[in-house]
Ligand code: AMP
Ligand code: MN
Ligand code: ZN
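Residue numbers (the UniProt record's numbering): 1 to 545.
Given below as structure tokens:
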């Protein structure tokens, strides 16, 4: 504590002495005592470093702390300093418009509550910083999302379902997102050739042909008799259907749980060229590039044949998760060096699997940005897998670009201002409005060029060695190995949601909560809606109300 105290003094001295020399005659200080932002930041940083050091030197809980605590003087010191700190934090949080009742917390649950508050406030503050940085660099985030003409005006629904749960490569705050909600859209599920399987049973891979196999597909997947009859379709009570399902699948459990391309991915060897420094190949201007909307099997086959002749192509997906229990992949964007394609996945849902021929071809690189969800959606909806992927989000991370979103990469390498207004648009809308069509193609149009540039930078960043490139290829492969896991309802599922709430319930309330939760899950599966859909379910969303 002594040492850090000295540091603190030094810091103050240097900044005040420079202040005396330079700023006395000036009247327009940045803030009292500091003539510019840099001086203020330097001073502030010094304070933060000193405070961090000092706190690290405090007696540790479970160690010296217990001994020190036996002294009343120490206890009193902790009380007053603790109170002061909480007061400071409350002030800071209030200043930023966050919830800030830090000091009034319950003694028992207080720590957890406070921790949640701090985490929430950090998110809010970081988000504000992000917005200000965007504004400073010319991006305007205050624009409202827009809807194509002819659709109902967007309705904002704030609900925990559209809270971002995982890092999708677009920043990681837990903010609540705006949802574009268009009414009167025909449910695409009605047209699906294969009924959606919302039953409370584990996901079974949809694959039945395995192109580019080194290890053949287990007979379970190729045997049509087993696959054709689904227990949910039989005219038997649900419990019996579940039992039949269990019996049938027991012996195939291992196969079902495995990743169909695990063996191929484990034995994937990168061609030497992919570890060298590439010569970036400039993208074609958007205006000079053909973009084909693929909604017939014939065109899909044609596209697959084109892809088979390339050595790399870029892929992205658009997904809808509000009016469906498991979510629906609505569009697939693909760009080669020459052309853009947008596939209507609602129309071609049952035919998409033919792309496995190119998607699992180890000699063709598939470039994605932030493929975490895409890999799962491909399996869930189409039985598609990816062998030999490069994820530009992983590349940005390995390069420490600071911000790893696609917008940032496009700005950095292509000086393109992408427009994220349609990110949460309702991608089920057909015919696809022109604005959404143009928006969607931008997600992959520049990606192969970004892939080149990122590889150059990765190569340079490891001093002309392939080390960082190898890291990115490996991380991308790990993502390809991800498996889709269906949400399974168990007797304890409700506890996960309960723990996320900010309140505690008594026994009676908890029992009611458990029943409501089970009812909501059952209804959502039955009606094929997300658990967040509809006013009747809003009552379970206490985290936002
Ligand atoms: P993207 O890769 O950015 O094109 O996003 C693909 C899909 O992910 C979108 O169609 C949305 O369904 C979903 N998505 C993207 N960003 C968000 C977000 N911030 N919150 C919730 N869902 C998102
Ligand atoms: Mn994406
Ligand atoms: Zn996209």
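Here a beta-carbon is modelled for each residue, glycine too, at the ideal position from N, C-alpha and C.
So, with DSSP's three-state summary, where would you put residue i?
{"i": "residue 546", "result": "No answer is possible for residue 546: the residues shown for the chain start at 1 and end at 545."}
{"i": "residue 319", "result": "strand"}
{"i": "residue 342", "result": "strand"}
{"i": "residue 438", "result": "helix"}
{"i": "residue 335", "result": "strand"}
{"i": "residue 142", "result": "Low confidence applies to residue 142: its pLDDT is 49, below 50, so where it sits in the model is not reliable enough to give any reading."}
{"i": "residue 308", "result": "helix"}
{"i": "residue 203", "result": "coil"}
{"i": "residue 368", "result": "strand"}
{"i": "residue 391", "result": "strand"}
{"i": "residue 131", "result": "helix"}
{"i": "residue 450", "result": "helix"}
{"i": "residue 238", "result": "helix"}
{"i": "residue 314", "result": "strand"}
{"i": "residue 444", "result": "helix"}
{"i": "residue 533", "result": "coil"}
{"i": "residue 375", "result": "helix"}
{"i": "residue 490", "result": "coil"}
{"i": "residue 177", "result": "Bear in mind that the predicted position of residue 177 carries a pLDDT of just 40, short of 50, making it unreliable; the figure below should be weighed with that in mind. Three-state result, residue 177: coil."}
{"i": "residue 382", "result": "helix"}
{"i": "residue 125", "result": "helix"}
{"i": "residue 325", "result": "coil"}
{"i": "residue 34", "result": "strand"}
Excluding the 5 residues flanking residue i on each side, which residues of the same chain have their C-beta closer than 6 Å to its C-beta?
{"i": "residue 380", "result": "484"}
{"i": "residue 252", "result": "220"}
{"i": "residue 457", "result": "399"}
{"i": "residue 574", "result": "Because the chain spans 1 through 545 in this model, residue 574 falls outside it and cannot be assessed."}
{"i": "residue 24", "result": "Low per-residue confidence applies at residue 24: pLDDT is 45, beneath 50, and the placement is therefore not dependable enough to give any value."}
If you draw a straight line from the alpha carbon of residue i to that of residue j, how long is it in whole angstroms?
{"i": "residue 527", "j": "residue 520", "result": "10 Å"}
{"i": "residue 7", "j": "residue 81", "result": "No answer about residue 7 holds up, because its pLDDT of 43 lies below 50 and its placement is not dependable."}
{"i": "residue 510", "j": "residue 110", "result": "20 Å"}
{"i": "residue 38", "j": "residue 324", "result": "51 Å"}
{"i": "residue 319", "j": "residue 331", "result": "7 Å"}
{"i": "residue 472", "j": "residue 365", "result": "13 Å"}
{"i": "residue 289", "j": "residue 502", "result": "51 Å"}
{"i": "residue 208", "j": "residue 311", "result": "26 Å"}
{"i": "residue 98", "j": "residue 117", "result": "8 Å"}
{"i": "residue 423", "j": "residue 269", "result": "35 Å"}
{"i": "residue 339", "j": "residue 292", "result": "8 Å"}
{"i": "residue 280", "j": "residue 410", "result": "15 Å"}
{"i": "residue 498", "j": "residue 507", "result": "13 Å"}
{"i": "residue 235", "j": "residue 254", "result": "28 Å"}
{"i": "residue 63", "j": "residue 46", "result": "29 Å"}
{"i": "residue 376", "j": "residue 192", "result": "19 Å"}
{"i": "residue 522", "j": "residue 346", "result": "25 Å"}
{"i": "residue 112", "j": "residue 86", "result": "14 Å"}
{"i": "residue 300", "j": "residue 240", "result": "40 Å"}
{"i": "residue 127", "j": "residue 137", "result": "15 Å"}
{"i": "residue 156", "j": "residue 533", "result": "Legend: pLDDT at residue 156 = 38, less than 50; position of this residue unreliable, no value from coordinates given."}
{"i": "residue 277", "j": "residue 455", "result": "7 Å"}
{"i": "residue 72", "j": "residue 59", "result": "15 Å"}
Just curious, the alpha helix (DSSP H) that residue i is in, first and last residue?
{"i": "residue 359", "result": "356 to 359"}
{"i": "residue 67", "result": "64 to 68"}
{"i": "residue 463", "result": "Here residue 463 belongs to no alpha helix (DSSP H), and DSSP marks it neither H nor E."}
{"i": "residue 51", "result": "37 to 56"}
{"i": "residue 519", "result": "507 to 527"}
{"i": "residue 411", "result": "406 to 414"}
{"i": "residue 90", "result": "72 to 95"}
{"i": "residue 482", "result": "That residue, residue 482, is in no alpha helix (DSSP H); it is neither H nor E in DSSP."}
{"i": "residue 262", "result": "262 to 266"}
{"i": "residue 253", "result": "253 to 257"}
{"i": "residue 222", "result": "219 to 222"}
If you drop the 5 nearest sequence neighbours on each side, which residues of the same chain put their C-beta closer than 7 Å to that of residue i?
{"i": "residue 261", "result": "360, 385, 387"}
{"i": "residue 356", "result": "211, 384, 385"}
{"i": "residue 440", "result": "318, 331, 333, 342"}
{"i": "residue 214", "result": "263, 264, 267"}
{"i": "residue 75", "result": "69"}
{"i": "residue 420", "result": "407"}
Beta strand (DSSP E) containing residue i: first to last residue?
{"i": "residue 291", "result": "291 to 294"}
Take residue i and list the residues in its own chain whose beta-carbon comes closer than 8 Å to its own, dropping the five residues that flank it on each side.
{"i": "residue 30", "result": "36, 37, 39, 40"}
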